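Protein chains: 4
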Amino acid sequence: MTLKLATSDGRSLRAEQKRSERREAIVRAAEIVFARRGFHDASISDVIDAAGISRGTFYLYFESKEALFVHLIERFVSFITDAMLVVDPTQPEPARRIFENVERVVDMAFDHPDLTQVVLRENRGRNPELDEQLDRLYEFLRVMVEGALKNGAQNGITRAVNEPVVATALIGAFKEVFLAHLAGASLRAADRATLAAALFELSVRGLFVGA
Amino acid sequence: MTLKLATSDGRSLRAEQKRSERREAIVRAAEIVFARRGFHDASISDVIDAAGISRGTFYLYFESKEALFVHLIERFVSFITDAMLVVDPTQPEPARRIFENVERVVDMAFDHPDLTQVVLRENRGRNPELDEQLDRLYEFLRVMVEGALKNGAQNGITRAVNEPVVATALIGAFKEVFLAHLAGASLRAADRATLAAALFELSVRGLFVGA
Amino acid sequence: MTLKLATSDGRSLRAEQKRSERREAIVRAAEIVFARRGFHDASISDVIDAAGISRGTFYLYFESKEALFVHLIERFVSFITDAMLVVDPTQPEPARRIFENVERVVDMAFDHPDLTQVVLRENRGRNPELDEQLDRLYEFLRVMVEGALKNGAQNGITRAVNEPVVATALIGAFKEVFLAHLAGASLRAADRATLAAALFELSVRGLFVGA
Amino acid sequence: MTLKLATSDGRSLRAEQKRSERREAIVRAAEIVFARRGFHDASISDVIDAAGISRGTFYLYFESKEALFVHLIERFVSFITDAMLVVDPTQPEPARRIFENVERVVDMAFDHPDLTQVVLRENRGRNPELDEQLDRLYEFLRVMVEGALKNGAQNGITRAVNEPVVATALIGAFKEVFLAHLAGASLRAADRATLAAALFELSVRGLFVGA
DNA sequence: GATGAATGAGGATTCATTCAT
DNA sequence: CATGAATGAATCCTCATTCAT
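Chains as they are written, first to last, in the working numbering: chain A, 83 to 293; chain B, 83 to 293; chain C, 83 to 293; chain D, 83 to 293.
Structure below.
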């Protein structure tokens, strides 16, 4: 039995790896397919064709179409979590730190355009399970941004604002700009620096001249 | 009865009115149903059940499900066009005029919550005809906001910014806030004044203290 | 009451005439519409649009779509009955009489192209009531042709043949030629004389040289 | 089991065969259903009920209802192509060869009564794609018959006739006789020999005594 | 593990006919 | 008589998921 376990370990390791690779292949295929046709419009057939697997195999790796989308959201969350670093107010040049955060978020959108498009494009209202996941995604983002706003206000960097509303607004601003660049026509040609600069300017300086 | 005989208009007028009323009833029912379940997830059955009409009657008033959605977009456009007034820079207190504009847009969202939710929630990618309509809606909004930005910059009211990006960002900011209030959980309790104030503050003053 | 009857007569006469005219208008419109789109593919809407009447009015003149078709069949039967004259074998030149019959039938098809097309195009299998009418039409034609064949055989003009089969075959020959001319592409340019001559030749002389 | 392991072909071969069998079962069911109710009047439900398969399965084997009909036409074409052999005029007894051709065509109609009925019954005017297929069928038949007529005339076997018209007429004659036997009431009891003899007689000898 | 044939609920749309005005 | 708004049964097709091989 120990032998069997040992062997089993060896085998399961290789098997585990192969399984992981295949899962990744499905995910990558799904990103492309969903980005092109939208999550709801794309069918499982589209995904398995792109991934080069059979119908049944898909369900060996993901419980359902929704489960695949949940995985994509989690993937997106992990990327954006990496991008949004907490700004330490005791460090010098907080504005620069914030700008670097904006840059990293923009970078993430440019580095994972399909994933970003797929996740940001999707809205609530289609599937309760999915809605919950999206709620959690936006809740997560809002909490992070709200935290930054509170932190900034406490340390005298940012003005006191209605944090929930402003956090939501900022998320919407970034989201719309990313989608206009990735999926739409209007900002398709924009580059990272331009988007980052414009988003930073609007966020921190606002529109008024004297303000 | 004399009146009834007086004009054959009498009959067609009443008929016209009844037709108009019924069409309105369908539209209202659709707004509610689509707001609750999303346009694509809601079926014609849901709409006709809510409107209390039969299957065939629906197609007497709208050519298709898509045509109904197009009508909702047009309705939304007409409301938002009424709300967004061009700010005359020669008038005193331009900031106040802009704030009033923000207020009116917020009012529109509060006055037509279902319609706003339905239209703002929908994304491109399901139906080419519908995508085009949505493109036109956002193009329209962007052009209006870009125009305001250019106008403000020329008259020394607002700072010079990357207008396409900032316009897109502002639209996204308002959109996300409205959806969070109407469809989501986070801003459900917010009132008009709060949202208007927060959106105005972010837009025109930005976040920085000194800025 | 007598007075009322008198008046009623006067009125009903005019009314009767108007009714008759309107019925004719519907029938003519139906011929054109059914010829263009086929009976089953054409809708009542198509007919009433072409006739310039309202939906309900149609049902004042015809009980149903099928009843209208039955009327067209009857109209066709009356025309073809006029065309197919019994050939008196005691008269000289029976071949010439037969040829004149063929000519008259061809003339009928050319004089009422829409009606001919509509009636000949339709096949059994869609509607029991309609099937019965078509059965009666073809039964009627077959009986006439069979009669002619028997008559000809008895009088030594035509050869003895399997009358039911040959009658059916002749009907099919004429029908296919008319449809190819009226609805199809292959014989569209053919003229009356050509069709009449070819049909006569085949029918009476057959194909063989010596025969 | 060794066999099973021997070739991976084994599985795909059996699968291929099963697929083929099922497709055949659908086709046979469709022939019966369409013969009974007509192609347009029969619904997919009728076909799948008769074939004992589910709704979705049908679409695994045929792209659409029309595609199924196209398949039936092709099937019919292949049968009739086999039946109509080109008569070599250098061979003795050309009349006998022609008669054998007629016999083979009649045999085909008797051997595939449902298919023959379905294909011959259908008329143009319902579906553009389908119309084209029917046009091609009749074009094909006409070309074959016209060729035979020209061939016969050149070799002094048949008389010179207006080939397009006579070919059309002959097709109509056979068609009507087959339908009267298969779908109608009048020739239901007729046997192969009778129909073949009568059709041959009419075609080659015509009706006139002396002729 | 991998496969892909089979499933069947669900959706948008059409159209002959009725009937209140 | 004439109208035309209202009806609702009926139809074709899609696609996420299952399961025997």
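For every residue, glycine included, the Cβ atom is placed at its ideal position computed from N, Cα and C.
In this text the structure is predicted, and so the values were computed from the model without any measurement.
Inter-residue CB distance, residue i and residue j (contact presumed, cutoff 8 Å)
i, j, result
"G229 (chain D)", "G288 (chain C)", "Actually they are not in contact, since the Cβ atoms of G229 (chain D) and G288 (chain C) sit about 19 Å apart, beyond 8 Å."
"D189 (chain A)", "R137 (chain A)", "The Cβ separation is near 37 Å, so there is no contact."
"R203 (chain A)", "G120 (chain A)", "7 Å"
"V247 (chain B)", "L261 (chain A)", "Actually they are not in contact, since the Cβ atoms of V247 (chain B) and L261 (chain A) sit about 12 Å apart, beyond 8 Å."
"F158 (chain C)", "I108 (chain C)", "Not really, about 16 Å apart at Cβ, beyond 8 Å."
"E148 (chain C)", "N205 (chain C)", "Wrong, their Cβ atoms sit about 14 Å apart, outside the cutoff."
Three-state secondary structure (DSSP) of residue i
i, result
"T240 (chain B)", "strand"
"T172 (chain D)", "coil"
"M226 (chain C)", "helix"
"H217 (chain B)", "In the sequence as displayed, the identity of residue 217 (chain B) is Asp instead of His. In the structure shown, D217 (chain B) sits in a helix (DSSP, three-state: H, G or I)."
"D273 (chain D)", "coil"
"N233 (chain C)", "helix"
"M166 (chain A)", "coil"
"N183 (chain B)", "helix"
"K86 (chain A)", "Its pLDDT being 47, under 50, K86 (chain A) is placed unreliably by the model, and nothing is read from it."
"A293 (chain B)", "Below a pLDDT of 50, predicted positions are generally treated as unreliable, and A293 (chain B), at 44, falls in that range; the measurement from the model is reported next regardless. Of the three classes helix, strand and coil, the one that applies to A293 (chain B) here is coil, per DSSP."
"H194 (chain B)", "coil"
"S268 (chain B)", "coil"
"R96 (chain A)", "helix"
"S285 (chain D)", "helix"
"I135 (chain C)", "coil"
"G207 (chain D)", "coil"
"E148 (chain C)", "helix"
"G254 (chain C)", "helix"
"F125 (chain B)", "Residue identity check: residue 125 (chain B) is Ser in the sequence provided, not Phe. DSSP places S125 (chain B) in coil when its eight states are reduced to three."
Close beta carbons around residue i, own chain, < 7 Å, minus the five adjacent residues each side
i, result
"T250 (chain B)", "R224"
"E245 (chain C)", "E228, L231 and K232"
"R179 (chain D)", "V169 and Q173"
"D128 (chain D)", "V115 and R119"
Own chain residues within Cβ distance below 8 Å of residue i, not counting five before or after
i, result
"P195 (chain A)", "A117 and L264"
"P176 (chain A)", "V169, G234, N237 and I239"
"L281 (chain B)", "V184, V188, A255, F256 and V259"
"L284 (chain D)", "A255"
"V201 (chain D)", "L154, I155, F158 and L219"
"D213 (chain D)", "R206 and G207"
Of the listed residues the options, nearest to residue i (C-alpha basis)
i, options, result
"S125 (chain B)", "B:E103, B:F151 and B:E106", "B:F151"
"R104 (chain A)", "A:I130, A:H122 and A:I114", "A:I130"
"E106 (chain A)", "A:G120, A:I135 and A:D193", "A:I135"
"A111 (chain C)", "C:T139, C:K100, C:A133 and C:R96", "C:A133"
"R186 (chain D)", "D:A165, D:S102, D:L142 and D:L95", "D:A165"
"E98 (chain D)", "D:V115, D:Y143 and D:H122", "D:Y143"
"Q199 (chain A)", "A:R96, A:K100 and A:V115", "A:V115"
"F181 (chain B)", "B:F222, B:L167 and B:S160", "B:L167"
"S146 (chain D)", "D:L95, D:R101, D:E211 and D:L277", "D:E211"
"E113 (chain A)", "A:M226, A:K100, A:L197 and A:T163", "A:L197"
"L252 (chain A)", "A:V286, A:T276, A:A271 and A:D123", "A:V286"
"M226 (chain B)", "B:L277, B:T163 and B:F192", "B:T163"
"V243 (chain A)", "B:K100, B:F161, B:R96 and B:L277", "B:L277"
"S160 (chain A)", "A:F222, A:H122, A:K100 and A:D213", "A:F222"
Cβ shell of residue i (< 6 Å), same chain only, five flanking positions each side left out
i, result
"Q215 (chain D)", "V152 and I155"
"A191 (chain B)", "T198 and F260"
"R218 (chain C)", "none"
"K86 (chain A)", "Because the pLDDT at K86 (chain A) is just 47, under 50, the model does not fix this residue reliably, and the value given afterwards should be weighed accordingly. Contacts found: none."
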